[in-house]
Amino acid sequence: MSEETVNIEGAVCAPPLTHNELIVMGHGAGGRMSHQLIQKAFVSAFQNTALNAGDDAALVEPGLRQKLSISTDSHVVFPLFFPGGDIGKLAVCGTVNDVAMLGAKPLYLTAGFILEEGLPMDTLKRVVESMRLAAEEAGVQIVAGDTKVVQKGKADGMYITTAGVGVVREGVNVSGVNAQPGDVVILSGTLGDHGIAVLGARGELGFQSSLQSDVAPLNHLIAAMLDASPNIHVLRDPTRGGLATTLNEIAVQSNAGILLKEESIPVHPEVNAACEMLGFDPLYLANEGKLVAIVPKEEAEKVLAVMKSTKYGEGAVIIGEVVAEPKSRVLLKTALGSTRVVDMLAGEMLPRIC
Amino acid sequence: MKYVTEYRDAELVKGVIDEIRRTVTRPWTLMEICGGQTHSIVRHGIDQLLPPQIELVHGPGCPVCVTPLELIDKALSIAARPDVIFCSYGDMLRVPGSSRDLFSVKAKGGDVRVVYSPLDAVTLAQKNPDKQVVFFAIGFETTAPPNVMSVLQAQHLGLKNFSILVSHVRVPPAISAILSSPHNRVQGFLLAGHVNAVMGYHEYPPLVEKFGVPMVVTGFEPLDLVQGILKTVQLLEEGKVEVANAYQRAVTLEGLKPAQDAINKVFMECDRKWRGIGMIPMSGWGLRPEFDEFNAEKRFDVESLRAEESPLCIAGQILQGLKKPHHCPAFGKQCTPENPLGATMVSSEGACAAYYRYGRVELTQSVTS
Numbered sequence: 010m011s012e013e014t015v016n017i018e019g020a021v022c023a024p025p026l027t028h029n030e031l032i033v034m035g036h037g038a039g040g041r042m043s044h045q046l047i048q049k050a051f052v053s054a055f056q057n058t059a060l061n062a063g064d065d066a067a068l069v070e071p072g073l074r075q076k077l078s079i080s081t082d083s084h085v086v087f088p089l090f091f092p093g094g095d096i097g098k099l100a101v102c103g104t105v106n107d108v109a110m111l112g113a114k115p116l117y118l119t120a121g122f123i124l125e126e127g128l129p130m131d132t133l134k135r136v137v138e139s140m141r142l143a144a145e146e147a148g149v150q151i152v153a154g155d156t157k158v159v160q161k162g163k164a165d166g167m168y169i170t171t172a173g174v175g176v177v178r179e180g181v182n183v184s185g186v187n188a189q190p191g192d193v194v195i196l197s198g199t200l201g202d203h204g205i206a207v208l209g210a211r212g213e214l215g216f217q218s219s220l221q222s223d224v225a226p227l228n229h230l231i232a233a234m235l236d237a238s239p240n241i242h243v244l245r246d247p248t249r250g251g252l253a254t255t256l257n258e259i260a261v262q263s264n265a266g267i268l269l270k271e272e273s274i275p276v277h278p279e280v281n282a283a284c285e286m287l288g289f290d291p292l293y294l295a296n297e298g299k300l301v302a303i304v305p306k307e308e309a310e311k312v313l314a315v316m317k318s319t320k321y322g323e324g325a326v327i328i329g330e331v332v333a334e335p336k337s338r339v340l341l342k343t344a345l346g347s348t349r350v351v352d353m354l355a356g357e358m359l360p361r362i363c
Numbered sequence: 008m009k010y011v012t013e014y015r016d017a018e019l020v021k022g023v024i025d026e027i028r029r030t031v032t033r034p035w036t037l038m039e040i041c042g043g044q045t046h047s048i049v050r051h052g053i054d055q056l057l058p059p060q061i062e063l064v065h066g067p068g069c070p071v072c073v074t075p076l077e078l079i080d081k082a083l084s085i086a087a088r089p090d091v092i093f094c095s096y097g098d099m100l101r102v103p104g105s106s107r108d109l110f111s112v113k114a115k116g117g118d119v120r121v122v123y124s125p126l127d128a129v130t131l132a133q134k135n136p137d138k139q140v141v142f143f144a145i146g147f148e149t150t151a152p153p154n155v156m157s158v159l160q161a162q163h164l165g166l167k168n169f170s171i172l173v174s175h176v177r178v179p180p181a182i183s184a185i186l187s188s189p190h191n192r193v194q195g196f197l198l199a200g201h202v203n204a205v206m207g208y209h210e211y212p213p214l215v216e217k218f219g220v221p222m223v224v225t226g227f228e229p230l231d232l233v234q235g236i237l238k239t240v241q242l243l244e245e246g247k248v249e250v251a252n253a254y255q256r257a258v259t260l261e262g263l264k265p266a267q268d269a270i271n272k273v274f275m276e277c278d279r280k281w282r283g284i285g286m287i288p289m290s291g292w293g294l295r296p297e298f299d300e301f302n303a304e305k306r307f308d309v310e311s312l313r314a315e316e317s318p319l320c321i322a323g324q325i326l327q328g329l330k331k332p333h334h335c336p337a338f339g340k341q342c343t344p345e346n347p348l349g350a351t352m353v354s355s356e357g358a359c360a361a362y363y364r365y366g367r368v369e370l371t372q373s374v375t376s
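Respectively, the protein sequence lines represent chains H and A.
Mapping the first sequence onto the numbering used here, position 170 (from 1) lands on 179, and the numbers just tick up by one.
Mapping the second sequence onto the numbering used here, position 296 (from 1) lands on 303, and the numbers just tick up by one.
In structure tokens, the structure reads:
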């Protein structure tokens with residue numbers, strides 16, 4: 010090269026893109042862009058106490074003896090069937106779990122189906138049977154529904170929206186605002202199984218994987234935990250956006266910090282391998298059958314022991330603690346002993362180039 | 008995980024850091040050239056564990072960050088065409104062009120797809136004979152072999168609907184440009200081990216000799232990184248000016264000859280603009296004329312497209328190691344990963360994104376305040 014012509018021009022940069030004009034995929038990824046959209050488009054319009062609380066389900070008091078927990082969730086997974094589950098099981102478990110995360114016993118679900126012209130009837134039957142089995146396991150009834158058919162090409166086979174209602178157990182107060190310094194953070198099992206299983210089912214991994222999605226109804230696990238300790242402060246399922254995003258939400262809601270220990274966070278070796286190859290971080294991968302519980306320190310061992318005795322909590326471990334500072338932040342103590350911030354997922358989770 | 012966990016062993020890493028502490032007697036400024044190394048350093052907090060005399064500055068080795076605005080605009084123009092399936096590595100989707108990014112093109116109906124390998128794009132071209140499939144072939148020497156293989160494979164299959172938009176850059180001219188700058192502060196380089204795995208490191212002794220700066224081939228895991236740093240500090244403290252290899256399990260002097268042959272068959276050296284740095288002569292690779300039929304710039308007639316970059320952020324100075332991300336007044340305020348002012352904030356290998364994501368600015372402030 011001709012070295013004398015090397016000319017460093019200095020600062021250059023592009024103008025910002027705000028994505029205020031169009032919906033882009035990042036708005037649906039469950040991270041910060043989703044949060045901003047929800048705040049700007051929905052919360053500001055609908056304004057009420059239950060919605061403003063910002064939990065996965067709404068706590069309402071319609072003048073009955075008990076409080077109700079209400080939630081809704083739309084499911085658009087591709088492919089419709091993946092190792093360990095399918096869109097039907099996901100649609101039941103997703104809403105059952107959201108309702109249960111306020112310390113409620115889910116009772117009834119509704120289901121809305123958007124079906125694409127040309128969907129094989131047999132596919133629909135398989136999905137419905139899967140929903141029946143999941144509802145049976147969760148102990149809920151699907152009591153109302155709706156069906157629409159759209160033209161070929163207007164939907165990815167089928168979309169399902171479920172809504173659910175449950176009664177909140179008396180004497181419990183579970184919410185994202187309740188984390189207090191000194192509390193212990195418990196995770197019910199390995200991270201990222203669902204995210205990688207779905208990628209594998211799409212054929213996007215480029216290698217074979219025997220990994221199964223963790224999709225499961227967690228209401229019985231939660232009931233057992235509340236039996237052991239009605240004093241659990243926070244319950245949440247780290248779905249889209251992963252554990253990192255969920256804990257950031259809680260840290261903001263509770264105005265506290267959360268300190269994790271990297272070594273204690275369980276990740277299946279296959280998930281780890283996939284993440285290393287594709288440039289993903291397990292902290293941001295979706296889970297559909299895991300929960301984080303934030304509990305007072307003195308109750309932690311008791312809750313942990315109960316969790317470990319159940320089917321969906323046998324891999325439960327303590328992964329960190331709630332701290333007073335820095336507020337609204339999640340920190341991670343690395344295996345090497347350094348500390349870093351774990352931020353919320355920004356927009357879409359993108360694989361790194363190399 | 009085998010071959011990964013061993014290189015993240017905390018006790019081994021601490022042992023090497025103790026050795027660095029015993030070796031260092033005065034301040035040294037080192038640059039890790041590769042964005043993957045920046046990411047690993049910040050993710051594992053290695054810079055926090057080093058003795059205070061050692062400062063790491065983050066080099067321009069993030070391919071997403073240095074891809075020039077003009078190329079992004081060309082990509083956006085091609086991707087918006089109804090007859091095109093535009094394939095890209097994931098990171099590139101968020102990089103802003105002059106007025107939009109690939110996400111926006113996708114939202115307006117463009118067929119933009121993330122692929123993990125350029126060969127996936129070749130498969131797409133086979134499956135979609137009525138569409139033009141274009142792969143955005145960016146990167147350093149590391150991604151060159153798969154990118155040229157996609158062209159050779161498409162040629163072998165006789166595909167007429169596959170082309171690549173090339174923005175390839177090379178490490179040695181970038182190092183030369185940094186060391187030629189009157190503002191240069193870098194006293195030693197950690198070379199990008201993955202680049203050297205392909206290219207070997209025979210290109211570097213002339214640079215070392217010319218500029219009098221030691222360079223050490225370095226890997227990406229924590230233990231690799233601290234060993235690279237230790238070796239560089241040892242050379243500096245002993246006053247030795249040479250190239251050393253601290254990544255012997257992956258890198259030889261000659262590199263991978265078959266990969267280099269494939270690159271030379273398809274690519275030739277050319278001038279290349281680097282976003283944030285400017286034109287560096289003969290710093291890139293482009294398609295040889297005999298592969299014109301696979302050249303997306305020619306196929307879609309976007310060669311003459313020009314874009315003016317506006318001086319809004321300090322990404323350029325960050326890419327040259329002159330400033331740290333948190334020195335930028337826009338950092339974390341107007342400029343965040345969701346709303347990037349500069350490409351360094353976009354890619355997970357970009358220094359700004361790594362700093363932002365791992366909260367380095369807050370930790371830096373809390374340590375110094």
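All C-beta atoms in this analysis are idealised placements derived from N, C-alpha and C, irrespective of residue type, glycine included.
{"Item": "Separation of Arg256 (chain A) from Val3 (chain H), as counted between CA atoms", "Value": "A question about residue 3 (chain H) goes unanswered here, because the residues of chain H that appear run from 10 up to 363."}
{"Item": "Local conformation of Met4 (chain A) per DSSP, three classes", "Value": "Past the boundaries of the shown model lies residue 4 (chain A); chain A is included only from 8 to 376, so the question cannot be answered."}
{"Item": "Neighbour-count burial assignment, Gly22 (chain A), 16 or more Cβ in a 10 Å radius", "Value": "exposed"}
{"Item": "For Leu345 (chain H) and Asp16 (chain A), the rounded distance between their alpha carbons", "Value": "8 Å"}
{"Item": "The region 35 to 48 of chain A contacting the region 64 to 72 of chain A, beta-carbon criterion three pairs below 8 Å", "Value": "yes"}
{"Item": "C-alpha gap between Thr225 (chain A) and Ile53 (chain A), whole angstroms", "Value": "14 Å"}
{"Item": "Proximity test, Cβ basis, 8 Å: Glu145 (chain H) and chain A", "Value": "no"}
{"Item": "Residue-chain proximity (Val33 (chain H), chain A), Cβ-Cβ < 8 Å", "Value": "yes"}
{"Item": "Exposure label - Leu56 (chain A); buried when at least 16 CB within 10 Å", "Value": "buried"}
{"Item": "Residues of the region 54 to 71 of chain A whose Cβ lies closer than 7 Å to any Cβ of chain H, in chain order", "Value": "Gln55, Leu56, Pro70 and Val71"}
{"Item": "CB of Ala62 (chain H) within 8 Å of CB of Ser78 (chain H), strictly", "Value": "no"}
{"Item": "Beta-carbon proximity list for Asp118 (chain A), same chain, < 7 Å, skipping 5 on both sides", "Value": "Val91, Ile92 and Phe93"}
{"Item": "Helix, strand or coil at Val374 (chain A) [DSSP, three-state]", "Value": "Note that Val374 (chain A) scores a pLDDT of 36, beneath 50, so its modelled location is shaky; the value from the coordinates is reported in the next line. It is helical."}
{"Item": "Proximity to Met110 (chain H) [Cα-Cα], best of H:Gln160, H:Lys157, H:Val177 and H:Ala172", "Value": "H:Val177"}
{"Item": "Near-chain H residues of the region 108 to 126 of chain A (beta-carbon distance less than 8 Å), N- to C-terminal order", "Value": "Asp108, Phe110, Ser111, Lys113, Ala114, Lys115, Val121, Tyr123 and Ser124"}
{"Item": "Pair within 8 Å by beta-carbon distance, Leu220 (chain H) and Asp246 (chain H)", "Value": "no"}
{"Item": "Local Cβ density within 10 Å of His334 (chain A), reported as buried at 16 or more and exposed below that", "Value": "exposed"}
{"Item": "Short Cβ contact (8 Å threshold) for Leu186 (chain A) with Val220 (chain A)", "Value": "yes"}
{"Item": "Touching by the beta-carbon criterion (3+ pairs, under 8 Å), the region 108 to 123 of chain H and the region 225 to 233 of chain H", "Value": "yes"}
{"Item": "Min CB distance Ser263 (chain H) to chain A below 8 Å", "Value": "no"}
{"Item": "Touch test, the region 114 to 129 of chain H against the region 194 to 201 of chain H, Cβ-Cβ under 8 Å, three pairs minimum", "Value": "no"}
{"Item": "Residues near Met353 (chain H) by beta carbon distance below 6 Å, same chain, minus five either side", "Value": "Gly40, Arg41, Thr254 and Asn257"}
{"Item": "Extent of the continuous beta strand (DSSP E) run through Lys114 (chain H)", "Value": "Ala113 to Glu125"}
{"Item": "Selected residue, minimal CA-CA separation from Asn281 (chain H), among H:Pro129, H:Ser83 and H:Leu214", "Value": "H:Leu214"}
{"Item": "Secondary structure, alpha helix (DSSP H): runs of 4+ residues fully inside the region 45 to 126 of chain H", "Value": "58 to 61 and 96 to 109"}
{"Item": "Segment contact flag, the region 265 to 279 of chain A with the region 144 to 157 of chain A, C-beta cutoff 8 Å, min 3 pairs", "Value": "yes"}
{"Item": "Per-residue DSSP class, three states only, for Ile79 (chain A)", "Value": "helix"}
{"Item": "Residue-level contact to chain H via CB, Val20 (chain A), 8 Å cutoff", "Value": "yes"}
{"Item": "Chain A within 8 Å of Asp352 (chain H), Cβ atoms only", "Value": "yes"}
{"Item": "Distance between beta carbons of Glu297 (chain H) and Val224 (chain H), contact taken as under 8 Å", "Value": "4 Å"}
{"Item": "Residues sharing a beta bridge with Val223 (chain A), DSSP", "Value": "A:Leu197 and A:Ala251"}
{"Item": "Nearest to Leu73 (chain H) (by Cα), restricted to the options H:Pro92, H:Asp82, H:Glu334 and H:Glu179", "Value": "H:Glu179"}
{"Item": "Any chain H beta carbon closer than 8 Å to Arg364 (chain A)", "Value": "yes"}
{"Item": "From H:Gly324, H:Leu294 and H:Gly154, residue whose alpha carbon lies closest to that of Ala38 (chain H)", "Value": "H:Leu294"}
{"Item": "First through last residue of the alpha helix (DSSP H) which encompasses Leu37 (chain A)", "Value": "Leu37 (chain A) -> not in any alpha helix (DSSP H); beta strand (DSSP E) instead, spanning Trp35 to Cys41."}
{"Item": "Minimum length 3: unbroken beta strand (DSSP E) runs contained in the region 155 to 234 of chain H", "Value": "167 to 177 and 193 to 196"}
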